[in-house]
Structure formats: structure tokens, C-alpha cells
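Numbering (the working numbering), first residue to last: 118 to 404.
Worksheet: the structure to be examined is printed underneath.
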């Protein structure tokens, strides 16, 4: 019988980087109350550690956690298992991800995070998204950063990298034009060639590549379809082997293979990182 729930914090905004005070307060009170966009009302989620199987944190900057701001690190210690999705695209500090930490600064956080979660399998690196753009007539991409990322992950014992190609939603296109980004959306053959390069690099360093919510990419050789929240994996990693739900999360996109979780973030918590390609609710004033 599945009793404990997986809590996601959060796909909707970067709670660790920009709302650590709110997140810590919720963990301390053992509940999170927030505006749910789908239900158009406030809801409250129980965060009692006895009811939580795994706490999944998503961020581009775990520095507030590592510095134990608001007692966040100490509060996480109350939970059986913490799993991290750490997005490192190589674009931090650029005009595309102006407020995200630089690649070097992000990589420097990983040894400390390994101490927090206990084992490298509880950290997933997200090279997400893969971005192409034109600059002065030249085609540029963050794929150039991938070999350095793969080499460092291999050294640290992290074997999984998840990725996807940028999906240029209308609001992201408008945002790109506002900051002067001449984005480029590669065709299927170009994406295949890019993935082939990534697969070769991943194989060199003994890494697995997982495609997030892009079924056509997951069918390419050397790539697996990702469940970024994977109940079977979280069960295997759980200190006591307690089962997590393996039922598909029907609130996610069709190609998403994630299993059930409850996300405690809200789109009302706009993200100051304001990444140009963001599909959520970046704080535009950051530009």
C-alpha cells in the first residue's frame, strides 16, 4: 500500500534560489498553503515528514540551501529522502539566464549537495534546455558546454543527465525579441545531429542521457525517455525501501512520464531568474 507522497518543490518557480524563506517556513510549519493555478484557489498540502516519501527540489542555484539560510538544510534533515534536480545549462550569467549562477559557480555547489543527499544517484543534472541562437550571423549553442559538464559529472559520480530542446512558446518568443535574442529553432535533422554529439560525449564519460517530455528525441539511439519524478527510482533509493507511487502524473504534459507527486510551488511566485526561454512566470523587470 502506498501511503507516503512525493512532494515537488517546484516545477513552477525556483523556490530554493528565490523563496528559501517561504520554503523553510512551510517545512517548519509542516504544511504549504499556496495559490493553485489549475484550481484557481488556495490549497494546503501536508508536509509532515511522516507523510512524505521524498522531497524533490528543483533549482538552478542551491546556494541558499548550502548556506543553511532560514535553517533550510537542517529542516531537510527531518525527511527520509531528498532528491535534487539541478539545472546547469552553461548559460548562467549570460543575457539568456542573466540571474542564474555562472557554470563554474554552479558546478562548485555539487560536492556540498552530495553531502546533503547522501549519494550521487539522488542528484539529477538537467542540461535543459539546449538553446540555439544567432549572433552576428553566427549560429551559437550551449552544446559547446556539454563536454565540460559531462566530464565533471563523471568525476563526481553523477551518472544521469536529463535534457530537452527549447520549446519556443509565444510568450518566450516575445521575451526573446524584447532582449534582442535572435533565437533559432533547429529542424529534426539538426536535432538528431546534436543528440548524436551528446550521445558520443556521454558514452565517453559513462553517462546516461534522458530526454524530458520529447518523445521523438527519446527514440533516438543512446537516449532514454525520462520520468524526472520516477516513483520506481525513488523507491529503490529510499533508505527504508518504502514504495512511492508509480502511477503516471496526469497533470503533466502528454509526453511527460513523471509519476504522481504534489507540487507546492505557485506561478504567483514569479521567478527573478527571468530566463528568456521560460514557459512559467519570470519576473520581467529583471531584464
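Cβ atoms here follow ideal geometry from the backbone N, Cα and C, with glycine treated the same way.
Same chain, Cβ closer than 7 Å to residue i, five either side skipped, listed in chain order
i: residue 356; result: 197, 198
i: residue 404; result: Residue placement at residue 404 is poorly supported in this model, since its pLDDT is 35, which falls under 50; the coordinates still yield a value, given next. So the list reads 295, 296, 391, once near-sequence residues are dropped.
i: residue 256; result: 249, 301
i: residue 164; result: 124, 143, 144, 147, 148, 149
i: residue 140; result: 126, 132, 133, 189
i: residue 220; result: 205, 207, 209, 262
i: residue 226; result: 179, 180, 183
i: residue 335; result: 328, 341, 342
i: residue 275; result: 237, 240, 242
i: residue 318; result: 263, 264, 267
i: residue 347; result: 376
i: residue 369; result: 375
i: residue 354; result: 198, 238, 239
Element boundaries [alpha helix (DSSP H), containing residue i]
i: residue 357; result: First-last for residue 357: undefined, no H or E at that position.
i: residue 221; result: 220-224
i: residue 133; result: 132-135
i: residue 393; result: Taken as a continuous stretch (DSSP letters only), residue 393 belongs to no alpha helix (DSSP H), as it is neither H nor E.
i: residue 233; result: 227-234
Span of the beta strand (DSSP E) around residue i
i: residue 265; result: From DSSP, residue 265 is part of no beta strand (DSSP E) but of the alpha helix (DSSP H) over 263-273.
i: residue 64; result: The requested residue 64 does not occur in the structure, where the chain is confined to residues 118 to 404.
i: residue 368; result: Taken as a continuous stretch (DSSP letters only), residue 368 belongs to no beta strand (DSSP E), as it is neither H nor E.
i: residue 148; result: 148-153
Reduced DSSP category for residue i - H, G, I as helix; E, B as strand; rest coil
i: residue 122; result: strand
i: residue 209; result: strand
i: residue 387; result: coil
i: residue 404; result: The predicted position of residue 404 is uncertain, since its pLDDT is 35 and thus under 50; no value can be drawn from it.
i: residue 242; result: strand
i: residue 379; result: strand
i: residue 139; result: helix
i: residue 352; result: helix
i: residue 128; result: coil
CB-CB length for residue i against residue j, believed under 8 Å
i: residue 224; j: residue 184; result: Between residue 184 and residue 224 the Cβ distance is about 17 Å, and since that is not below 8 Å, they are no contact.
i: residue 251; j: residue 299; result: 4 Å
i: residue 292; j: residue 345; result: So it is not a contact: roughly 24 Å between Cβ atoms.
i: residue 389; j: residue 119; result: Contact doesn't hold; Cβ gap of about 36 Å is too wide.
i: residue 182; j: residue 233; result: 7 Å
i: residue 129; j: residue 168; result: Contact doesn't hold; Cβ gap of about 21 Å is too wide.
i: residue 366; j: residue 352; result: That belief does not hold up - the Cβ atoms of residue 366 and residue 352 are roughly 16 Å apart, past 8 Å.
i: residue 231; j: residue 273; result: 7 Å
Contacting residues, own chain, Cβ-Cβ under 8 Å from residue i (five flanking each side not counted)
i: residue 316; result: 326, 337, 338, 339, 340
i: residue 322; result: 267, 268, 270, 271
i: residue 332; result: 342, 372
i: residue 261; result: 207
i: residue 137; result: 181, 182, 186, 187, 189
i: residue 246; result: 206, 280, 281, 282, 283, 284, 394
i: residue 396; result: 284, 286, 288, 289
i: residue 258; result: 247, 248, 249, 250, 311
Own chain partners of residue i with C-beta closer than 6 Å, once the 5 adjacent residues on each side are dropped
i: residue 152; result: 159, 383, 385
i: residue 202; result: 175, 241, 243
i: residue 195; result: 166
i: residue 200; result: 171, 173, 239
i: residue 217; result: 177, 209, 390
Practice item. Let me know the alpha helix (DSSP H) ranges lying completely inside the region 245-333, each 4 residues or longer, listed in chain order. Key: 263-273, 287-295, 305-321
**Study point:** Length-filtered (3 minimum) beta strand (DSSP E) runs lying within the region 155-215
**Key:** 158-163, 169-176, 199-204
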